[in-house]
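Here the protein sequences come in this chain order: A and B.
Numbering (my numbering) for the first sequence: 176 to 518.
Numbering (my numbering) for the second sequence: 624 to 757.
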Amino acid sequence: MKKIICILFVLLTGLMAQEYKLGRGYEIYSNKEFYLYGGAHADINYYTQSGNNSLRLGQAGIMLFGEYTPKFRFLAEVGSDDIYVHNFNKANESTNLQLMRLYGEYLYSDAIEFKVGQFLTPIGIWNRAYIPALRWSGFTPYVAKGFFPKIIAGASLNGSLNEKRSISYSLFYHVDGEQDTNKNNVKAKEFFGGELRYNFSPLAKIAVPFGRFRSNSSQEICRFTGINTLIPFEKNEFSSEFLYKDGEWTNSEGISNNWQDIAWYIQYVQHIYKSSYLSVRYGEQRRFRSSNDVTWNDANEVLGYVYRPKTALSIKLEYRHRARTGLNFINTDEGLLSFSVLF
Amino acid sequence: MRGLLAFLLIFSVTLMAESWSVVYLSRGVKLQKSDIVNIYFKKMKQKEGQSIVALNLDSSNLARKAFLKQVLHSDLQTWDKYYDELYFMGIKSPVVVKSEESMLKFLLKIDRAIGYLPTSKVDKSFTELTRFKF
């Protein structure tokens, strides 16, 4: 028994002795060729809309990641999007934890990085800024909601195409099959696509994503493309995404129909004082039928105050106004107070 | 008169600023000045098929801040945000060493390592890519 206590004491003091920086994970093991880190992230928020209030333990996860020589990397994450939702006006909801990401990467060269497993679809800005603490808003824009599956299970190739590393690409293929897709926003098969980027600097980019998939539920064939840009400065940041998608489906009588979706947003963030920022976003989603009549037009404006004393920790107070014209008229005001952190 | 004094003060501070060099110990890999930003932001992980190891001083170190601003054209806030995002893709930021002495030891010990040192401490065994001051 004494031995066990001694071992635990040595282990704990060893762990306590290591340097820890918020947002950078915890070093579990490290030597010259191999490192293993553990990390976690969580988001707690209070949401209100027309008298419907809820307190959520939102997106959260526990991660393990490591690298063996610079050639091999892996990452595993268990988590969920809305772990527990306490509704003040109706029944509470909860979601089981699930495997969110599990992948391995092999770096052949800077031009060819091969990734296999379950991972974030490597396109867009919002979709790749996965951790709520690192986002400027708790309200997800339309482009990241239903345009393409945010997680894929398959393989991807990523890399730089020139010596200056200013042009980079991602190509991916989502393997067909009955994966656990509860965590996914769009259930799809035969999904493939990619993104071509021009990097003005390591942080600023303009990119063209594209893809095609077949929807699991409706058997629609969807194709999408667009453009996105991210331009950060020392005191402010500008980002925007635009996506165009068209879908084609055949009804039981064999008649083919099609529709088009357009979604976009522009977001601007301004540093105002010490750790305080102001964020403004405007976004829209429009759906057209084959006759090109607008079926509906959904628009929203988000205004937020972000307190970010460290990049890994943020408190956001936001207001969103949403208006839908055309089919199913909506006019709502929403509020969100969120606390997000990554460890 | 005040303007002249201010000019003299700024001029003397500039003269007192220490010169630092971004260096690597050339062992078969040839790096260029334009590679520095890509290496520190992990856009360039290999050169001529060989892995490059970037070294950094602690974030509280003034030389690190000057290096970040003058050589990488960035700032701590942007740097932290960039690497917080990469961390949760399983990618670590460059290795942090505690002091100039540790930096020197690491540079001499690790093949294909790149770092920065006071120019006065740089001898002929190193290849200098650029200089900065603080």
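In this text, a Cβ means the ideal position worked out from N, Cα and C, and glycines have one as well.
Please read these numbers as outputs of a predicted model, since none were measured by experiment.
Contact set for residue i: own chain, Cβ-Cβ below 6 Å, skip 5 residues either direction
i        : result
A:ARG520 : Limits of chain A in this structure are 176 at one end and 518 at the other, which puts residue 520 of chain A out of reach.
A:ALA498 : ALA474, ASN506
B:ASP746 : none
A:THR500 : ASN472
Chain-order list of residues whose beta-carbon lies under 7 Å from that of residue i (same chain, five-residue window excluded)
i        : result
B:LYS668 : SER674, ILE675
B:ASP703 : none
Three-state class that DSSP yields for residue i in the structure shown
i        : result
B:VAL660 : helix
A:LYS265 : coil
A:GLN394 : coil
B:LYS692 : helix
B:PRO741 : strand
B:ARG687 : helix
A:TYR448 : strand
B:ASP703 : helix
B:VAL646 : strand
A:TYR305 : coil
B:SER725 : helix
B:GLU708 : helix
Closest residue to residue i among the options (Cα-Cα distance)
i        : options                                : result
A:LEU230 : A:PHE240, A:ASP218, A:GLY241, A:ARG456 : A:ASP218
A:ILE406 : A:PHE399, A:LYS339, A:SER414           : A:SER414
A:ALA379 : A:SER284, A:THR296, A:PRO245, A:GLU409 : A:GLU409
A:GLY226 : A:LYS265, A:ALA308, A:PRO384, A:GLY214 : A:LYS265
A:ILE490 : A:GLY321, A:SER392, A:TRP311, A:PHE399 : A:TRP311
A:PHE247 : A:GLU370, A:GLY368, A:ASP285, A:VAL253 : A:ASP285
A:ASN411 : A:VAL455, A:PRO484, A:ALA251, A:ILE437 : A:VAL455
A:ILE381 : A:PHE388, A:GLY401, A:GLU365           : A:GLY401
A:TYR344 : A:LYS362, A:SER376, A:PRO297           : A:PRO297
A:LYS290 : A:LYS339, A:TYR278, A:TRP301           : A:TYR278
A:TRP434 : A:TYR452, A:ASP257, A:ARG461           : A:ARG461
A:ARG199 : A:LEU453, A:GLN234, A:LEU309           : A:LEU309
B:ILE659 : B:MET712, B:LEU695, B:VAL719, B:LYS715 : B:LEU695
Supposed contact pair residue j and residue i - C-beta distance, whole angstroms, cut 8 Å
i        : j        : result
A:ARG372 : A:ILE327 : Not confirmed; about 18 Å, so no contact.
A:SER451 : A:TYR482 : 6 Å
B:PHE729 : B:VAL646 : At roughly 12 Å, the Cβ-Cβ gap does not stay under 8 Å, so B:PHE729 and B:VAL646 are not in contact.
C-beta neighbour in chain B for residue i, strict 8 Å
i        : result
A:VAL185 : For A:VAL185, the predicted structure reports a pLDDT of 44, less than 50, and the residue's modelled location is therefore unreliable. The matter cannot be settled from this model.
A:SER513 : no
A:ILE306 : yes
A:PHE375 : no
Any C-beta of chain A under 8 Å from that of residue i
i        : result
B:ILE737 : no
B:ASP703 : yes
B:SER722 : no
B:ASN684 : no
B:GLN669 : yes
B:ASP734 : no
B:GLN700 : yes
B:VAL660 : yes
B:PHE755 : no
B:PHE729 : no
B:PHE664 : yes
B:TYR647 : no
B:PHE749 : no
B:SER657 : yes
Close Cβ partners of residue i (< 8 Å) along its chain, the five nearest in sequence each way excluded
i        : result
A:VAL350 : ALA328, GLY329, ALA330
A:GLU288 : GLU280, TYR281, LEU282, LEU332, ASN333, GLY334
A:TYR210 : GLU202, TYR204, GLY241, GLU242
A:LEU197 : LYS485, ALA487, LEU488, VAL516, LEU517, PHE518
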